[in-house]
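First comes the structure, then the notes that go with it.
Protein chains: 2
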Amino acid sequence: MLGADRPTMSPLEYHKSTKSKKRRMVFKLCASRCRLLGDTTTKVCLHSLLCPFRASVVSHSSLGDAKVRHYEFNVEYFYKKIDCVEQFVLGINRQFPGPTIRAEVGDTLEIAVTNKLSTEGTAIHWHGIRMYGTPWADGTVSITQCAINPGETFIYKFKVDQAGTFYYHGHHGLQRTAGLYGSLIVDLPKGKKEPFHYDGEFNLLLSDWWHKSAQEQDVGLLFKFVEFRWVWEPQSHKMVVVEADGHYVQPFTVDNLDIYSGESYSVLVTTNQNPNQNYWLSVAHRDANISTTQALTLLNYKNISPSALPSFPPPVPPIWYDYEERKVFTKKVLALSGHTPQPPKNSQRRIVLLPNQDLIDGYLRWGVNGISLSHQTTPYLGSVKFNLKSAFDWKSPLDHYVPYDYDITVPPVNHTLTMGSRIYQLQFNQVVDVIVQNTNSFVPNISSFHPWHLHGHHFWVLGHADGKFKDGDEKLFNLKNPPLKNTVVTHPYGWTAIRFRADNPGVWSFHCHMEPHFHTGMGVVFAEGVEHVKGIPQQALACGLTGKLLMNKKRSSSNDNN
Amino acid sequence: MLGADRPTMSPLEYHKSTKSKKRRMVFKLCASRCRLLGDTTTKVCLHSLLCPFRASVVSHSSLGDAKVRHYEFNVEYFYKKIDCVEQFVLGINRQFPGPTIRAEVGDTLEIAVTNKLSTEGTAIHWHGIRMYGTPWADGTVSITQCAINPGETFIYKFKVDQAGTFYYHGHHGLQRTAGLYGSLIVDLPKGKKEPFHYDGEFNLLLSDWWHKSAQEQDVGLLFKFVEFRWVWEPQSHKMVVVEADGHYVQPFTVDNLDIYSGESYSVLVTTNQNPNQNYWLSVAHRDANISTTQALTLLNYKNISPSALPSFPPPVPPIWYDYEERKVFTKKVLALSGHTPQPPKNSQRRIVLLPNQDLIDGYLRWGVNGISLSHQTTPYLGSVKFNLKSAFDWKSPLDHYVPYDYDITVPPVNHTLTMGSRIYQLQFNQVVDVIVQNTNSFVPNISSFHPWHLHGHHFWVLGHADGKFKDGDEKLFNLKNPPLKNTVVTHPYGWTAIRFRADNPGVWSFHCHMEPHFHTGMGVVFAEGVEHVKGIPQQALACGLTGKLLMNKKRSSSNDNN
Numbered sequence: 195m196l197g198a199d200r201p202t203m204s205p206l207e208y209h210k211s212t213k214s215k216k217r218r219m220v221f222k223l224c225a226s227r228c229r230l231l232g233d234t235t236t237k238v239c240l241h242s243l244l245c246p247f248r249a250s251v252v253s254h255s256s257l258g259d260a261k262v263r264h265y266e267f268n269v270e271y272f273y274k275k276i277d278c279v280e281q282f283v284l285g286i287n288r289q290f291p292g293p294t295i296r297a298e299v300g301d302t303l304e305i306a307v308t309n310k311l312s313t314e315g316t317a318i319h320w321h322g323i324r325m326y327g328t329p330w331a332d333g334t335v336s337i338t339q340c341a342i343n344p345g346e347t348f349i350y351k352f353k354v355d356q357a358g359t360f361y362y363h364g365h366h367g368l369q370r371t372a373g374l375y376g377s378l379i380v381d382l383p384k385g386k387k388e389p390f391h392y393d394g395e396f397n398l399l400l401s402d403w404w405h406k407s408a409q410e411q412d413v414g415l416l417f418k419f420v421e422f423r424w425v426w427e428p429q430s431h432k433m434v435v436v437e438a439d440g441h442y443v444q445p446f447t448v449d450n451l452d453i454y455s456g457e458s459y460s461v462l463v464t465t466n467q468n469p470n471q472n473y474w475l476s477v478a479h480r481d482a483n484i485s486t487t488q489a490l491t492l493l494n495y496k497n498i499s500p501s502a503l504p505s506f507p508p509p510v511p512p513i514w515y516d517y518e519e520r521k522v523f524t525k526k527v528l529a530l531s532g533h534t535p536q537p538p539k540n541s542q543r544r545i546v547l548l549p550n551q552d553l554i555d556g557y558l559r560w561g562v563n564g565i566s567l568s569h570q571t572t573p574y575l576g577s578v579k580f581n582l583k584s585a586f587d588w589k590s591p592l593d594h595y596v597p598y599d600y601d602i603t604v605p606p607v608n609h610t611l612t613m614g615s616r617i618y619q620l621q622f623n624q625v626v627d628v629i630v631q632n633t634n635s636f637v638p639n640i641s642s643f644h645p646w647h648l649h650g651h652h653f654w655v656l657g658h659a660d661g662k663f664k665d666g667d668e669k670l671f672n673l674k675n676p677p678l679k680n681t682v683v684t685h686p687y688g689w690t691a692i693r694f695r696a697d698n699p700g701v702w703s704f705h706c707h708m709e710p711h712f713h714t715g716m717g718v719v720f721a722e723g724v725e726h727v728k729g730i731p732q733q734a735l736a737c738g739l740t741g742k743l744l745m746n747k748k749r750s751s752s753n754d755n756n
Numbered sequence: 195m196l197g198a199d200r201p202t203m204s205p206l207e208y209h210k211s212t213k214s215k216k217r218r219m220v221f222k223l224c225a226s227r228c229r230l231l232g233d234t235t236t237k238v239c240l241h242s243l244l245c246p247f248r249a250s251v252v253s254h255s256s257l258g259d260a261k262v263r264h265y266e267f268n269v270e271y272f273y274k275k276i277d278c279v280e281q282f283v284l285g286i287n288r289q290f291p292g293p294t295i296r297a298e299v300g301d302t303l304e305i306a307v308t309n310k311l312s313t314e315g316t317a318i319h320w321h322g323i324r325m326y327g328t329p330w331a332d333g334t335v336s337i338t339q340c341a342i343n344p345g346e347t348f349i350y351k352f353k354v355d356q357a358g359t360f361y362y363h364g365h366h367g368l369q370r371t372a373g374l375y376g377s378l379i380v381d382l383p384k385g386k387k388e389p390f391h392y393d394g395e396f397n398l399l400l401s402d403w404w405h406k407s408a409q410e411q412d413v414g415l416l417f418k419f420v421e422f423r424w425v426w427e428p429q430s431h432k433m434v435v436v437e438a439d440g441h442y443v444q445p446f447t448v449d450n451l452d453i454y455s456g457e458s459y460s461v462l463v464t465t466n467q468n469p470n471q472n473y474w475l476s477v478a479h480r481d482a483n484i485s486t487t488q489a490l491t492l493l494n495y496k497n498i499s500p501s502a503l504p505s506f507p508p509p510v511p512p513i514w515y516d517y518e519e520r521k522v523f524t525k526k527v528l529a530l531s532g533h534t535p536q537p538p539k540n541s542q543r544r545i546v547l548l549p550n551q552d553l554i555d556g557y558l559r560w561g562v563n564g565i566s567l568s569h570q571t572t573p574y575l576g577s578v579k580f581n582l583k584s585a586f587d588w589k590s591p592l593d594h595y596v597p598y599d600y601d602i603t604v605p606p607v608n609h610t611l612t613m614g615s616r617i618y619q620l621q622f623n624q625v626v627d628v629i630v631q632n633t634n635s636f637v638p639n640i641s642s643f644h645p646w647h648l649h650g651h652h653f654w655v656l657g658h659a660d661g662k663f664k665d666g667d668e669k670l671f672n673l674k675n676p677p678l679k680n681t682v683v684t685h686p687y688g689w690t691a692i693r694f695r696a697d698n699p700g701v702w703s704f705h706c707h708m709e710p711h712f713h714t715g716m717g718v719v720f721a722e723g724v725e726h727v728k729g730i731p732q733q734a735l736a737c738g739l740t741g742k743l744l745m746n747k748k749r750s751s752s753n754d755n756n
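Read top to bottom, the protein sequences are chains A and B.
Residue numbers for the first sequence follow the numbering used here, so the first one is 195 and each next one is one higher.
Residue numbers for the second sequence follow the numbering used here, so the first one is 195 and each next one is one higher.
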């Protein structure tokens with residue numbers, strides 16, 4: 195059925211404001227063009243989802259220097275032409291993408307999310323925000339909170355402690371696929387400057403878009419996934435990469451940028467080319483042999499017609515199977531000296547994860563170290579906090595996959611997966627290394643790119659390499675200038691190593707950011723310092739066994755959860 | 195958009211068992227034929243939804259003479275070809291229609307409904323069952339219970355105190371439209387006989403089916419509704435109507451049967467025609483000028499080929515605008531003397547309801563006496579039981595529409611509706627008359643048929659007439675042999691009067707059975723004797739303000755709800 199209804203690229207919209215002229219422009223791929231002033235440098239914030247529309251700050255109040263910014267989000271379906279075809283989309287305040295949230299470091303966001311759906315619960319994850327002290331606000335159903343019921347409002351209140359280009363998106367079923375997302379941009383405090391110069395900025399949130407509804411995809415589990423490649427018009431303007439996932443990186447210049455779901459980059463573009471013609475902008479998929487057409491629009495120099503086509507043809511997207519080029523790009527992303535802390539020299543625990551794909555009772559599922567993560571009716575945060583022994587399987591999952599000699603170059607042999615609900619309990623403040631070992635999928639000769647996203651933390655990316663990770667490979671780790679990120683790709687048949695400190699009391703998921711991969715079990719859960727978690731809102735606990743617990747007995751002490 | 199994707203008739207399936215031969219046959223409209231033995235009389239149980247598949251009784255245990263019958267229902271989506279086109283359908287245990295429930299009068303049903311959906315809540319209404327003593331088991335989200343969350347199981351336990359042909363269906367959003375329904379047949383106790391003879395029986399559950407998903411219909415509110423007409427092949431076999439909504443009626447013979455959503459009938463058919471040919475069976479829509487093709491299949495006499503087409507063409511469905519013929523049919527439905535109690539001679543309260551259609555903030559909604567019923571996050575049953583003043587608007591809605599001179603022959607003038615959540619509080623055991631006054635819809639010269647369904651009661655249908663109900667019209671009431679029903683139609687521009695005793699402690703909805711009409715506000719809520727309601731399961735209260743209440747304070751007395 196997939197062949198009949200391939201994904202299409204979503205439109206590009208951007209918001210541009212030059213500080214001097216307060217000029218704003220919006221273009222849509224369907225109908226419009228992009229206009230830039232000549233000889234200016236523009237910061238392009240790329241998120242791998244889609245592009246912002248307009249912010250709808252309701253109000254903000256002061257809290258010393260920092261502000262509390264209040265938003266009201268109504269989650270509902272409505273009809274919209276996304277790629278020139280009218281479809282229903284899951285959006286916020288009847289906008290798709292949802293309103294852009296813009297804040298300064300140190301601000302507190304208070305976002306009242308009201309579920310206006312008929313039968314579906316919902317929740318919103320604030321991707322890239324650490325949620326230190328507010329793990330219940332991470333927005334992951336079955337992990338950190340109960341779904342928000344139809345008609346109900348849940349108030350997310352959390353501090354943004356890190357400048358950068360982030361976003362938010364649904365984290366329940368396939369609601370992100372259905373369109374539930376928007377941009378979240380955290381600026382430096384006034385007076386502080388970024389370590390690079392630009393004249394204006396625009397934001398691009400890249401996403402795929404399907405003509406099959408998310409519900410239908412959920413039912414059929416007909417998943418086919420894509421990664422994004424931002425293909426800047428190659429014989430003209432270059433891109434200088436300056437930020438990744440909210441952290442400055444050593445600037446490097448590229449013609450093309452590989453960006454995976456869950457990642458964000460800022461790049462600088464200078465309009466220093468011949469101002470008497472327009473230039474192609476292109477976004478193309480690079481996953482396997484997908485024939486989805488690239489998305490094209492025009493970079494329009496101000497002095498000529500916005501509809502004038504370039505004299506040269508659109509760029510040809512890079513060959514999808516050029517894995518080497520992609521690995522080279524990944525290795526160029528390095529921390530900017532003086533702006534990113536260095537990792538601890540040693541780790542205290544190493545967890546080697548082997549995600550693979552296999553059949554369970556005839557259903558194709560993903561799993562990690564033998565366990566396909568099932569969706570719990572009682573969120574883990576409450577289950578761990580209240581020590582609910584029957585809420586899930588408390589036995590520890592494995593710190594290393596078995597068998598040790600698992601052949602990553604072939605499809606799984608026999609039944610390698612079972613459904614499960616185990617979690618990794620990390621010692622609070624311990625330094626943990628996680629190695630994600632990529633494998634062959636269920637189909638011979640296919641190993642995909644998987645972008646792994648960690649909630650509640652930024653991690654150092656210590657390295658990537660081909661083949662199986664083995665003892666001694668830690669000598670390949672880059673401990674000098676590894677970038678801090680929240681999402682990192684694993685290349686086909688290779689491994690990726692990350693390091694982080696388990697210093698954020700809460701329960702955090704670590705999963706492939708391809709929504710249907712996670713939805714079908716490709717993730718694990720880390721719990722750390724849950725005894726220090728305070729103030730979980732009752733509403734986040736009002737389902738499953740935590741709901742029962744709270745309804746059945748007066749809590750013995752009000753300090754329990756405050 | 196409707197023009198591009200009209201509803202199609204759903205397939206007919208039936209299960210036939212003759213007591214002597216234990217023969218079972220299933221036919222589907224897509225591929226098969228219906229076989230009948232010559233010269234036998236068959237009871238055809240018609241429900242206006244769809245037809246049964248197979249029962250999946252897990253077990254049953256004795257309770258004196260009566261049995262407790264246990265079922266396990268898993269609610270989930272799956273792919274199925276309903277009308278030869280593969281689509282996803284919301285079914286039970288991967289069956290569509292859901293398993294047929296079969297019980298005897300006095301039995302207790304214990305049905306464990308597990309929600310296997312990703313993001314949607316669910317609930318199942320047991321249509322036509324009075325739920326005396328178990329109002330929390332009526333299965334209406336926002337009225338009698340909290341939705342069952344994904345992954346959770348809710349146990350419906352209730353007694354069936356009335357023989358007849360009933361069914362069950364989803365009662366949350368448009369989940370019935372999505373396919374969530376099945377048959378519920380209650381037999382007389384062994385040894386007791388029905389007041390008519392037949393040799394075998396089969397069950398037909400009629401329903402519409404759409405190529406647009408229920409979700410998409412919900413989003414677009416592109417609703418267009420149909421009523422059903424069972425068009426028996428006119429020059430042959432007659433139908434003798436013997437039962438309506440679980441009550442015996444004075445037998446009468448028809449060629450065609452009008453059946454509206456929410457109704458059920460049993461008819462006898464004798465295979466007394468020329469056994470050397472087959473006969474057409476036809477089901478056709480009769481709502482407005484819908485061009486949906488009639489559904490056809492064959493009645494196959496055993497001694498000839500099941501695929502032999504009749505020598506005559508299929509019957510032409512009756513003209514949709516022949517309203518008079520439909521009123522005549524309605525008036526033929528009268529109680530069978532000696533089998534149905536007569537109504538109280540007088541009522542103690544009269545409520546005149548005027549449903550109409552109007553715009554609220556640009557959205558087309560239905561409402562009753564000025565109020566379009568909104569979906570409450572806290573179910574009314576718990577709100578009334580615990581006297582939660584902020585859960586909804588406790589002000590009484592009007593017992594008569596205003597203005598009194600409302601012109602029912604034209605679209606509504608100005609803004610006649612507001613969103614609301616009021617309920618009618620009925621004095622316990624009072625006899626109540628409800629007059630439903632049909633009107634012109636939002637479109638000039640259109641007044642539709644609306645089948646009104648009352649939960650928790652069977653009511654006497656006292657009469658129907660054209661035009662506006664006025665004082666004195668009660669002298670037209672049939673108090674001698676009015677049928678007892680749970681669903682009754684209102685004819686265009688006419689009124690329908692019902693009488694019932696408010697003797698069932700609980701909160702009950704009374705609404706148009708067209709699911710999208712109810713979904714967009716065409717219903718009212720009656721509350722009666724709620725102080726007598728005991729034993730509401732905690733899970734039915736575990737949302738909204740009742741959830742909060744139970745979590746916030748240890749209940750002062752355990753007798754409160756037990």
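Note that CB positions come from ideal geometry on N, CA and C, so glycine has one too.
_So the candidates are 291/A, 289/A, 296/A, 281/A; which of them puts its Cα closest to the Cα of residue 262/A?_
Of the residues 291/A, 289/A, 296/A, 281/A, the one whose Cα lies closest to the Cα of residue 262/A is 296/A.
*Quick one: does residue 579/A have its CB under 9 Å from some CB of chain B?*
It does not: the Cβ of residue 579/A has no partner Cβ on chain B nearer than 9 Å.
*For the alpha helix (DSSP H) that residue 522/A lies in, which residues bound it at each end?*
517 to 526 is the extent of the alpha helix (DSSP H) around residue 522/A.
*Assigned secondary structure, residue 549/B (DSSP; H/G/I helix, E/B strand, else coil)*: Here residue 549/B sits in strand by DSSP.
_Endpoints, beta strand (DSSP E) assigned at residue 613/A_ = Run containing residue 613/A: 612 to 614, per the beta strand (DSSP E) assignment.
*Rounded to the nearest angstrom, how far is the Cβ of residue 359/A from that of residue 437/A, given a contact under 8 Å?*
Contact between residue 359/A and residue 437/A holds: their C-beta atoms lie close to 7 Å from each other, under 8 Å.
*asked:* At 3 residues or longer, what runs of the beta strand (DSSP E) sit wholly inside the region 553 to 594 of chain B?
replied: Complete beta strand (DSSP E) runs here, min 3: 557 to 562, 565 to 567.
*For residue 740/A, which of helix, strand or coil comes out of DSSP?*
Residue 740/A: helix per DSSP, three-state reduction.
*Name the chain B residues that come within less than 9 Å of residue 278/A, Cβ to Cβ?*
Going along chain B, no residue has its Cβ under 9 Å from residue 278/A, so there is no contact; the nearest lies around 16 Å.
*Flag residue 455/A as yes if its beta-carbon sits less than 9 Å from any beta-carbon of chain B, otherwise no.*
No - not a single Cβ of chain B is within 9 Å of the one on residue 455/A.
_Quick check: is any heavy atom of the ligand GDP less than 8 Å from the C-beta of residue 579/A?_
Absence of the ligand GDP from the depicted structure is noted, as is the absence of any ligand whatsoever, leaving it without description.
_Between residue 715/B and residue 561/B, how many whole angstroms is the CB-CB distance? I'm expecting something under 8 Å._
In this structure, residue 715/B and residue 561/B form a Cβ contact; the two beta carbons are roughly 5 Å apart against a cut-off of 8 Å.
*Could you please give the first and the last residue of the uninterrupted beta strand (DSSP E) stretch that includes residue 713/A?*
Note, residue 713/A: premise wrong, no beta strand (DSSP E); alpha helix (DSSP H) at 709 to 713.
*Assign residue 627/A to buried or exposed, taking buried as 16 or more other Cβ atoms, counted over all protein chains shown, within 10 Å of its Cβ.*
It counts as buried.
*Between residue 447/A and the rest of its own chain, which residues show a CB-CB distance below 6 Å, the 5 nearest in sequence each way excluded?*
Same-chain partners within the cutoff: 432, 434.
*Counting Cβ pairs closer than 8 Å, one from the region 319 to 329 of chain B and one from the region 698 to 706 of chain B, do we hit at least three?*
Output reads yes: the region 698 to 706 of chain B touches the region 319 to 329 of chain B.
*Spatial neighbours of residue 425/B within its chain, please: CB distance less than 6 Å, with the 5 preceding and 5 following residues excluded, ordered by chain position.*
Unreliable positioning characterises residue 425/B in this predicted model, as indicated by a pLDDT of 38, which lies under 50. A coordinate reading is not provided.
*For residue 577/A, which of 319/A, 739/A, 283/A, 307/A has the nearest alpha-carbon?*
Ranking the options by Cα distance to residue 577/A, first place goes to 739/A.
_Secondary structure of residue 763/A, DSSP reduced to three states_ = With chain A covering 195 to 756 only, the question about residue 763/A has no answer from this structure.
*Under 9 Å, do residue 340/A and residue 315/A count as touching if we go by C-beta distance?*
For the pair residue 340/A and residue 315/A, the CB atoms are nearer than the 9 Å cut-off.
_Alpha-carbon to alpha-carbon, residue 654/B and residue 694/B_ = The alpha-carbon atoms of residue 694/B and residue 654/B are separated by roughly 6 Å.
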